[in-house]
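Asks:
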Amino acid sequence: MKRLLACIFVVSALPALADISLPALFTDGLVLQQGKPSVIWGTASADEKISVSFAGQTKATQADLDGKWRITLDPLPANATPAEMTLQGNNTMTLKDVLVGEVWLCSGQSNMQWTVSQAANAEQEMAAATFPQIRMFSVERSTAMEPATDVKGTWKASTPENVGQFSAVAYYFGRHLHQVLKVPVGLINTSWGGTRIEAWTSLESLKERPCAAQMLSDWNGIRESWNAKEENAKFEVAKAEWQSQVKTVTADNAKLPADQKKQLPPAPRPPDDPNRTPHHPAVLFNAMVAPLIPYTMQGAIWYQGESNQKRAFQYQELLPNMINDWRTRWNDEFSFYIVQLASFGNGLPITQDAGVPDTWAELQEAQYLTATTLAKTGLAVTNDIGEEKDIHPKNKQEVGRRLALWALAKDYARTSTVPSGPLFKNSVIEGNQVHLQFDYVGGGLKTRDGGPLKHFQIAGADQKWFWAEARIEGDEIIVASPNVTQPVGVRYAWAAFPEGANLINAEGLPASCFRTDEFIPSTMGVTSPFQEVLKAGAR
């Protein structure tokens, strides 16, 4: 009996052997990046010996004292034939249907989240979506106050049954790459509607930015003063009042003809716990980006900014900061391509006046500035395909194609591909005229409708703006107005919905909005309109 008890004691004292465990990204159907070292990681028992075998390679390592391990495969060639990856430790794991091709991270707010089923020509697109070499991993939406170690999600191949729930912009981007490059494409979709850029950025990097100091202080105050019991009680009172109003309006409507019925009042929104909201700085980085690091990829595409447009000047700093933050954490200066906000009426009447301040245009400018100053970035201009009354334009096919043009030109050496429409480069004032030069002229400057240039405005030092006459001369545009004898600035398409703006290149790609003046924009110095952030509805 004593010997039996001693054996039991010895056995129980031994450390439990843990099976190899992998993050959700490493499941059947995954796509690995070609041409770069591929990082594979996971957990196991402390000091456990681990090996990974794939495509003729076998690499080995040993888990650390916390059970964490990482193995790096040598660069792999593209492979469209499904293969198996074997992992050996205390247990054996086999990942099936593994492809090697191009991997891109796809992130942002609702226009990136928007699905194929919600976009234009949905039925036809879904029916034709049999592309087994295009795979998407959609990260389940969640928040975290500290960096997480894993996400929830699965790899799914593009089929008529699956593609309806794919991010439309990501899918059309990936489809264009696949059709041109003839290699598998893996797309990691991590997006959430209505979210702000600060939520997608690490807290450490935000703390280093002076423009974010007040915002972080505000959030600290909100968290400290949060009282869930009181807020829920207030919500219950508001909900009861709303239900009573609905009952009254419904009863009144029953007595009214159809054309006189009253609209039901909107329901009150539940309280937004600052410890769980997706608007809090860093919470989406923690939950939906950090666990993806260091998965090997070629680059990222980004469609976000609508929810930051009232803080456009701050965005000039926040966007490049986030890009640099991600690149630092991946230890890879990967390509990063930005969708400039599409034109949108923003619920306001379309003005016929020149010189009207516009925060939408200022946000577009912030995106333009990042894409023209930060290395390995590009700007997909979409001011020609926006919809006046819908912040979610349906033509996601063209958005994806324009992003793919940047990747083809800059990442895949398709030197004949013009990736962009005209982007403002320089201005020269000669008398009462302003001469404008552009990058990405392509086959030449043109107008979309074949008519004269529209939506140019000009001002002198008095900051009085007038609509201007503009004409194309070679690769330049010359702008003037009889009302301005000594011009200091020109603006083009400087409006949320610049109706009639028609400057393109011969490839049919539109010019970005721009301004040559240095007048203080309307959001200069506004770093934290915090109450607006809390009150704003999700987009």
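As numbered in mature numbering (1 follows the signal peptide of the UniProt record, and there is no 0), residues -18 to -1, 1 to 521 make up the sequence shown, in order.
Ideal Cβ positions, reconstructed from N, Cα and C, are used throughout, including at glycine.
1. Measure the C-alpha to C-alpha separation of Ser173 and Phe267 and round it to an integer number of angstroms.
2. So what's Ser289 in DSSP terms, helix, strand or just coil?
3. Taking Leu274 as the reference, give the member of Asp79, Asp444, Thr359 and Asn171 with the closest Cα.
4. Could you give the distance in angstroms between the alpha-carbon of Val121 and the alpha-carbon of Glu218?
5. Could I get the ranges of all uninterrupted alpha helix (DSSP H) runs contained in the segment 95 to 172, with 4 residues as the minimum, in chain order?
6. Only counting the same chain, and skipping five residues up and downstream in sequence, which positions put a Cβ closer than 8 Å to that of Ser(-7)?
7. Where in the segment 345 to 411 do unbroken runs of the beta strand (DSSP E), each at least 3 residues long, occur, reported from the N-terminal end onward?
8. Can you check DSSP and say which residues form a bridge with Ile459?
9. Pull up the distance between the alpha-carbon of Ser453 and that of Thr333, whole angstroms please.
10. Considering only the beta carbon of each residue, do Arg117 and Ala139 sit closer than 8 Å?
11. What's the C-alpha gap between residue 539 and Thr74?
12. State buried or exposed for Lys371, treating a residue as buried only when at least 16 other CB atoms are found within 10 Å of its CB.
13. Tell me the DSSP secondary structure of Ile32 in three-state form.
14. Classify Phe(-10) as buried or exposed, calling it buried when 16 or more other Cβ atoms lie within 10 Å of its own Cβ.
15. Can you find the residues in the same chain that come closer than 7 Å, C-beta to C-beta, to Ala111, ignoring five residues on each side of it along the sequence?
16. Taking Ile53 as the reference, give the member of Met304, Phe8, Ala236 and Lys436 with the closest Cα.
17. In this structure, what does DSSP give as the bridge partners for Tyr297?
18. Along the chain, where does the alpha helix (DSSP H) containing Phe318 start, and where does it finish?
19. Would the segment 283 to 295 and the segment 309 to 329 be scored as touching if the rule is three or more Cβ pairs under 8 Å?
20. Using the Cα positions of Val400 and Thr278, report the straight-line distance between them to the nearest angstrom.
21. On a CA-only basis, which of Gly24, Ala249, Asp234 and Val423 is nearest Ala220? Give me that one, please.
22. In angstroms with no decimal places, state the Cα-to-Cα distance between Val231 and Ala222.
23. Assuming Glu66 is part of the alpha helix (DSSP H), what are its boundary residues?
24. Apart from the five residues just before and just after Gly471, which ones in its own chain have a Cβ nearer than 6 Å to its Cβ?
25. For Leu47, is the classification buried or exposed, using 16 other Cβ atoms within 10 angstroms of its Cβ as the cut-off for buried?
26. Please work out which residues of its chain come closer than 6 Å, Cβ to Cβ, to Ala(-1), disregarding the five sequence neighbours upstream and downstream, and give them in chain order.
27. Have a look at the DSSP bridge pairing and note the partners of Ile502.
28. With Leu301 and Gln349 assumed to form a contact (beta carbons below 8 Å), what rounded beta-carbon distance in angstroms separates them?
29. Determine the direct distance from the alpha carbon of Ala475 to that of Pro375, and round the result to whole angstroms.
30. Tell me which residue opens and which closes the alpha helix (DSSP H) that Ala236 is part of.
31. Can you grab the Cα-Cα spacing for the pair Ala81 / Phe406, in whole Å?
32. Please report whether the beta-carbon of Thr310 lies at a distance below 8 Å from any beta-carbon of chain D.
33. Identify whether Leu427 lies in helix, strand or coil by the three-state DSSP scheme.
34. Take Pro129 and list the residues in its own chain whose beta-carbon comes closer than 6 Å to its own, dropping the five residues that flank it on each side.
35. So, for Ala443: in the same chain, excluding its five sequence neighbours on each side, which residues have a beta-carbon less than 8 Å away from its beta-carbon?
36. Residue ranges of each beta strand (DSSP E) run of no fewer than 3 residues wholly in the segment 8 to 55, ordered along the chain?
Replies: So, from the listed chains and residues:
1. As a working note, residue 173 is residue 191 in the sequence shown. As a working note, residue 267 is residue 285 in the sequence shown. Straight-line measurement puts the Cα of Phe267 at about 11 Å from the Cα of Ser173.
2. One-based indexing of the sequence shown puts residue 289 at position 307. Ser289 carries a helical assignment under DSSP once its states are collapsed to helix, strand and coil.
3. Against the sequence shown, residue 274 aligns to sequence position 292. Ranking the options by Cα distance to Leu274, first place goes to Asn171.
4. For this step, residue 121 is matched to residue 139 along the sequence shown. For this step, residue 218 is matched to residue 236 along the sequence shown. Pairing Val121 with Glu218, the inter-Cα distance amounts to about 33 Å.
5. Runs of alpha helix (DSSP H) with 4 or more residues, each lying fully within the segment 95 to 172, are found at 104 to 109 and 150 to 163, listed in chain order.
6. For this step, residue -7 is matched to residue 12 along the sequence shown. Confidence is the limiting factor: at Ser(-7) the pLDDT is only 44, short of 50, which leaves the residue's position unreliable, though a coordinate-based value still follows. Correct list: empty, nothing qualifies.
7. Counting only runs of 3 or more, we get 359 to 362.
8. For the purposes of this step, residue 459 is identified with residue 477 of the sequence shown, where counting begins at 1. DSSP lists Leu418 and Ile454 as partners of Ile459.
9. For the purposes of this step, residue 453 is identified with residue 471 of the sequence shown, where counting begins at 1. For the purposes of this step, residue 333 is identified with residue 351 of the sequence shown, where counting begins at 1. One point to set straight first is that residue 453 is Arg, not Ser, in the sequence displayed. Arg453 and Thr333: Cα-Cα distance of roughly 23 Å.
10. As a first step, residue 117 is located in the sequence shown; it is residue number 135 there, counting from the start. As a first step, residue 139 is located in the sequence shown; it is residue number 157 there, counting from the start. Yes; because the gap between Cβ atoms is below 8 Å, this pair is in contact.
11. Limits of the chain in this structure are -18 at one end and 521 at the other, which puts residue 539 out of reach.
12. Here residue 371 is taken as the residue at index 389 of the sequence shown, counted from 1. Classification of Lys371: exposed, given that the 10 Å Cβ count is below 16.
13. As a first step, residue 32 is located in the sequence shown; it is residue number 50 there, counting from the start. Three-state DSSP puts Ile32 in a strand.
14. As a first step, residue -10 is located in the sequence shown; it is residue number 9 there, counting from the start. At Phe(-10) the pLDDT is 45, less than 50, meaning the model places this residue with poor confidence and gives no usable figure here.
15. On the sequence shown, residue 111 is found 129 positions in, with the first residue counted as 1. Closer than 7 Å at Cβ, skipping near neighbours: Ser140, Thr141, Pro142 and Val145.
16. On the sequence shown, residue 53 is found 71 positions in, with the first residue counted as 1. Measuring from the Cα of Ile53, the nearest candidate turns out to be Phe8.
17. In the sequence shown, residue 297 corresponds to position 315, counting from 1. Bridge partners of Tyr297 according to DSSP: none are assigned.
18. Translated into the one-based positions of the sequence shown, residue 318 becomes position 336. Element bounds for Phe318: not the alpha helix (DSSP H) but the beta strand (DSSP E), Ser317 to Val321.
19. Contact between the segment 283 to 295 and the segment 309 to 329 is present, because at least three Cβ pairs lie under 8 Å.
20. The residue labelled residue 400 in the question sits at position 418 within the sequence shown. The residue labelled residue 278 in the question sits at position 296 within the sequence shown. Cα to Cα, the separation comes out at about 27 Å.
21. The count along the sequence shown starts at 1 and reaches residue 220 at position 238. Of the candidates Gly24, Ala249, Asp234 and Val423, the one whose C-alpha sits nearest the C-alpha of Ala220 is Ala249.
22. One-based indexing of the sequence shown puts residue 231 at position 249. One-based indexing of the sequence shown puts residue 222 at position 240. Across the structure, Val231 and Ala222 are spaced so that their CA atoms are roughly 14 Å apart.
23. For the purposes of this step, residue 66 is identified with residue 84 of the sequence shown, where counting begins at 1. Element bounds for Glu66: not the alpha helix (DSSP H) but the beta strand (DSSP E), Asn61 to Gln70.
24. The count along the sequence shown starts at 1 and reaches residue 471 at position 489. Around Gly471, the same chain offers Ala441, Thr498 and Asp499 as residues with beta carbons nearer than 6 Å, after the five sequence neighbours per side are excluded.
25. As a first step, residue 47 is located in the sequence shown; it is residue number 65 there, counting from the start. Residue environment analysis places Leu47 among the exposed positions, since fewer than 16 neighbouring C-beta atoms fall within 10 angstroms of its C-beta.
26. The count along the sequence shown starts at 1 and reaches residue -1 at position 18. Cβ within range, chain order: Ala26 and Ser27.
27. The residue given as residue 502 occupies position 520 in the sequence shown. For Ile502, DSSP assigns no beta-bridge partner whatsoever.
28. Mapped onto the sequence shown, residue 301 falls at position 319. Mapped onto the sequence shown, residue 349 falls at position 367. Rounded to the nearest angstrom, the Cβ distance from Leu301 to Gln349 is 7 Å, consistent with a contact under 8 Å.
29. Walking along the sequence shown from the start, residue 375 turns up at place 393. Walking along the sequence shown from the start, residue 475 turns up at place 493. Going from the Cα of Pro375 to the Cα of Ala475 covers about 18 Å.
30. For the purposes of this step, residue 236 is taken as residue 254 along the sequence shown, with counting starting at 1. Per DSSP, Ala236 lies in no alpha helix (DSSP H) segment and is marked neither H nor E.
31. By 1-based counting over the sequence shown, the position of residue 81 is 99. By 1-based counting over the sequence shown, the position of residue 406 is 424. First, the residue type needs correcting, since residue 81 is Leu and not Ala in the sequence shown. About 41 Å.
32. The chain labelled as chain D is not found in the depicted structure, where only one protein chain is given.
33. Here the question's residue 427 lines up with position 445 in the sequence shown. The answer is strand: DSSP assigns Leu427 an E or B state.
34. Taking the sequence shown and counting its residues from 1, the one referred to as residue 129 is at position 147. Spatial neighbours of Pro129 in its own chain (CB-CB distance under 6 Å, excluding positions within 5 residues in sequence) are listed in chain order as Asn268 and Ala272.
35. The sequence position of residue 443 within the sequence shown is 461, counting from 1. Taken in chain order, the residues that qualify are Gln468 and Val470.
36. Restricted to the segment 8 to 55, the beta strand (DSSP E) segments that are unbroken, complete and at least 3 residues in length are 13 to 15, 20 to 25, 31 to 36, 39 to 44 and 50 to 55, listed in chain order.
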